Structure formats: C-alpha cells, structure tokens
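Only one structure is covered here, and it is reproduced in the block below.
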Amino acid sequence: MKNMMYLALLMFLIQIGCFSTGHCKDFLPMDSHLIDQTCRKTPNPTLCVSSLKSDPHSSASADVSGLALIMVGCANQAITTGNPKFAEQAMNEAANEANSCEDEFSRGSPLTYENKAVADVAGVASAIVRILL
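Residues -24 to -1, 1 to 109 (mature numbering (1 follows the signal peptide of the UniProt record, and there is no 0)) are what the sequence shown spells out, left to right.
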C-alpha cells in the first residue's frame, strides 16, 4: 500500500515535470557536458552523474528538464525495489534540476513559478520518502 502511494506521488511529479519544465529546453540547448555541468550543482554529483548516465539513450538527448525526469524515474525504481535512501536522493536531485534550470538565467526566468513548483513538490516527495528510512 505504501509503495502504491509513493508510486502515485512520483507519477504526479512526472506529470508536473512534463507540463511545468518542458519549456526549459527552449532556453537551454543541449550540449555534450550538460550532465556534468548540471550535476556539479547538486549535493551529490557522483550519484547524479551515475544515475543519469545509467540510461545513455535518454540522457544523451535530454535537456535539464529531461534530466530531472530521469531522476524521478530513478526514484521510482528505488522505491519499488525497496531502496528508499536512493529514492530520497533522486528526488533531491530532481528538485536540484529544476533549480538549475532557474539558475541558468542571468535575469528572472520566464519559468520561475514552474521551476519553484517542481522543486517544491520534489522536496515534499523527498521528505515523504525519508519517512521510510
């Protein structure tokens, strides 16, 4: 039952990510070092890089919002396989990806509200997953 609740929460995050941060790619073109550049801004760069590079087909063409969705998928997999600590870290990384999108703008981002919403929801999901620890 708990896993279903967490799975539903993660699906909600995926939907928010698809609708809310989908426009980041319009402002942040993909380059070959995006994963490394983005992961350096996270609390756990090694985990971030290894998680994102675990799916080379997706991460090779992903923009920042795509990287966030990959982290949500990693969190989903961690919960369903019984690894809540990794799920918590992945949700923290998803929040960081949304913040990274926001930070790419020297002036105010046109996606400030959406980026904040994704980061806030991912933070809540991380806190809920932390209860499992």
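No residue lacks a Cβ here, since even glycine has one placed at the ideal position from N, Cα and C. From a predicted model like this one, the values you see are computed outputs, not experimental measurements.
Can at least three beta-carbon pairs, one atom from the region 55 to 66 and one from the region 87 to 107, be found at a separation below 8 Å?
Enough Cβ pairs lie closer than 8 Å, so yes.
Can you list, in chain order, the residues of its chain whose CB lies under 6 Å from that of residue 27, leaving out five sequence neighbours each side?
Counted from its first residue, the sequence shown places residue 27 at position 51. Cβ within range, chain order: 50.
Which residues in the same chain have their Cβ closer than 6 Å to the Cβ of residue 58, if we skip the five residues on either side of it in sequence?
Taking the first residue of the sequence shown as 1, we reach residue 58 at position 82. Closer than 6 Å at the Cβ level, and outside the excluded window around residue 58, lies no residue.
So residue 73 and residue 40 are supposed to be a Cβ contact under 8 Å. How far apart are they, rounded?
On the sequence shown, position 97 is the one that residue 73 refers to. On the sequence shown, position 64 is the one that residue 40 refers to. So it is a contact: roughly 6 Å between Cβ atoms.
Can you find the residues in the same chain that come closer than 7 Å, C-beta to C-beta, to residue -1, ignoring five residues on each side of it along the sequence?
By 1-based counting over the sequence shown, the position of residue -1 is 24. Summary for residue -1: the model assigns pLDDT 47, below 50, so the residue's position carries little reliability; its value from the coordinates is reported in the next sentence. If we look at residue -1 and ignore the five residues flanking it on each side, its Cβ neighbours are 39, 40, 41, 77, 87.
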